[in-house]
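If you read the protein sequences in the order shown, they are chains V and G.
Adding 7 to a residue's 1-based position in the first sequence gives its number in this note's numbering.
Adding 128 to a residue's 1-based position in the second sequence gives its number in this note's numbering.
Where a beta carbon is used, it is the ideal one built from N, C-alpha and C, also for glycine.
Here's the structure we're looking at; comments come further down.
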Amino acid sequence: MPEQLWEGASYLVAIGGSLLLWINYALVGLIAHRYSQVFHRATYSTLLILAPTGLLVYTLFLIFKATPLLSDPKLASFAQLLAYIALLASGFFCLLGVGRFASVLQSVLRSAQPKEVA
Amino acid sequence: MFGEVTNVSIGGMLRLLAIYHQTGSLRVRGEDGEGEIYLQNGQLVGTSKPGKQLHEEVMRLLLLKKGFFHFQNLETIPAKHVQGKDEDIENLIMESSRQIPPEEAAEYLPGEEVVLQLAPVAGEREWVRLQLQRDEWNLLIRVNGEDSMAMVREKSGLRKGRALQVLYGLLSAGIVRKIRFRIPKVIEIATRELGNLGEALVREAFRKLRLDQNRMHMRELIALLNELERNITLLVGPTRAQHVIGLMWEGSKR
Numbered sequence: 008m009p010e011q012l013w014e015g016a017s018y019l020v021a022i023g024g025s026l027l028l029w030i031n032y033a034l035v036g037l038i039a040h041r042y043s044q045v046f047h048r049a050t051y052s053t054l055l056i057l058a059p060t061g062l063l064v065y066t067l068f069l070i071f072k073a074t075p076l077l078s079d080p081k082l083a084s085f086a087q088l089l090a091y092i093a094l095l096a097s098g099f100f101c102l103l104g105v106g107r108f109a110s111v112l113q114s115v116l117r118s119a120q121p122k123e124v125a
Numbered sequence: 129m130f131g132e133v134t135n136v137s138i139g140g141m142l143r144l145l146a147i148y149h150q151t152g153s154l155r156v157r158g159e160d161g162e163g164e165i166y167l168q169n170g171q172l173v174g175t176s177k178p179g180k181q182l183h184e185e186v187m188r189l190l191l192l193k194k195g196f197f198h199f200q201n202l203e204t205i206p207a208k209h210v211q212g213k214d215e216d217i218e219n220l221i222m223e224s225s226r227q228i229p230p231e232e233a234a235e236y237l238p239g240e241e242v243v244l245q246l247a248p249v250a251g252e253r254e255w256v257r258l259q260l261q262r263d264e265w266n267l268l269i270r271v272n273g274e275d276s277m278a279m280v281r282e283k284s285g286l287r288k289g290r291a292l293q294v295l296y297g298l299l300s301a302g303i304v305r306k307i308r309f310r311i312p313k314v315i316e317i318a319t320r321e322l323g324n325l326g327e328a329l330v331r332e333a334f335r336k337l338r339l340d341q342n343r344m345h346m347r348e349l350i351a352l353l354n355e356l357e358r359n360i361t362l363l364v365g366p367t368r369a370q371h372v373i374g375l376m377w378e379g380s381k382r
């Protein structure tokens, strides 16, 4: 019984963490969207908002795993693989989106500096 | 063209007619007299009292108080009214300013917070012959496009009444003119308040609105500040935006 409690608690913590991460990336996406409105440059805000969806897939897997729906070990292993692939893809696309947004920001701030006249 | 002397000085009106090379008669009627001044292509050529000296009669009319003037365009000035030629209306106006009571001069002057700058010479004259008294020159050199009229007056060291006379003369003669507002140092303010992002925002707004910082008028400044307020609100929030735009507005005031 205590083992099941620990497992349930760890699921809850993982779900909470995933949701918070997803909210964070969505907020970064919204900020990027505002920058694209102001500076009229592509800031990959849609990618930043959509990329963390893998975190939600992973969270869903954790929820299902705690229910009898994934009691079959084979099905559970397959679902787990899918969830981890979604998590990996999500991480990759988030990294890509943030990197692109950072480079756009850099170029915007760099172009603000007046060029030296020789 | 019709006007009231309480709104525009006769000298100021005469100068405008000269700048625009008008030909016709400027009829002036005031509390203590009336008369006409004739202009041919913007040059003073005569008055309605041919017997009197042109200079003397124009001076009398320039000093008329509270009344009306009316300018009538003419093809040419009748020969009987032509007494001579006087290009240098500025000197006549300056001379009349020396005789105008200070309190009357003050009525024509704008608020003392107004900033004055030297004015370019209009028209096609090759030479501008200005005859200024020492105290007039000493006040004129204080006009720097930065200080308010009150500061210019104080720095000149002249007593208030005389300074008002001189300022009235310089303004009416078109030697100096008002600056209505100044372009705030928007880039410096934005950079100071928001760092590099502030500078980027200002430059982006200039690009978007196709504005030149050195050739902006009030309308362009309003458009720029509206654009900046919108964008700063989007990126850093309305409170900071209002603060920064408030500083820029403050910077535009003289």
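Item, Value
"Proximal residues of chain G, C-beta to C-beta of R107 (chain V) below 7 Å", "Neighbours of R107 (chain V) on chain G: none; closest Cβ ~18 Å, over 7 Å."
"Endpoints, the alpha helix (DSSP H) within which Q11 (chain V) is located", "P9 to F46"
"C-beta contact flag for S153 (chain G) and S176 (chain G) at 9 Å", "yes"
"Which residues DSSP lists as bridging Q200 (chain G), in chain order", "G:S153"
"Start and end residues, alpha helix (DSSP H) containing I221 (chain G)", "I217 to Q227"
"Of the listed residues G:L258, G:E162, G:L145 and G:R320, nearest to L202 (chain G) (C-alpha basis)", "G:L145"
"Alpha-carbon spacing of L260 (chain G) relative to V271 (chain G), whole angstroms", "15 Å"
"Members of the stretch 40–70 of chain V that neighbour chain G once the beta carbon cut-off is set at 8 Å", "R41, Y42, Q44, V45, F46 and H47"
"Proximity test, A73 (chain V) beta-carbon vs the ligand PLP heavy atom, cut-off 8 Å", "For the ligand PLP, the structure offers nothing, since it holds no ligand at all."
"Where the stretch 19–30 of chain V meets chain G: residues whose CB sits under 9 Å from a CB there", "none"
"Any chain G beta carbon closer than 9 Å to V115 (chain V)", "yes"
"Contacts that N359 (chain G) makes with chain V (C-beta to C-beta distance below 7 Å)", "V45"
"Length of the line joining the Cα atoms of T367 (chain G) and N359 (chain G)", "12 Å"
"Supposed close pair L55 (chain V), F108 (chain V) - CB separation, criterion 8 Å", "6 Å"
"Any C-beta of chain V under 9 Å from that of E348 (chain G)", "no"
"Whole-number beta carbon distance between E327 (chain G) and A318 (chain G), since they are thought to touch under 8 Å", "6 Å"
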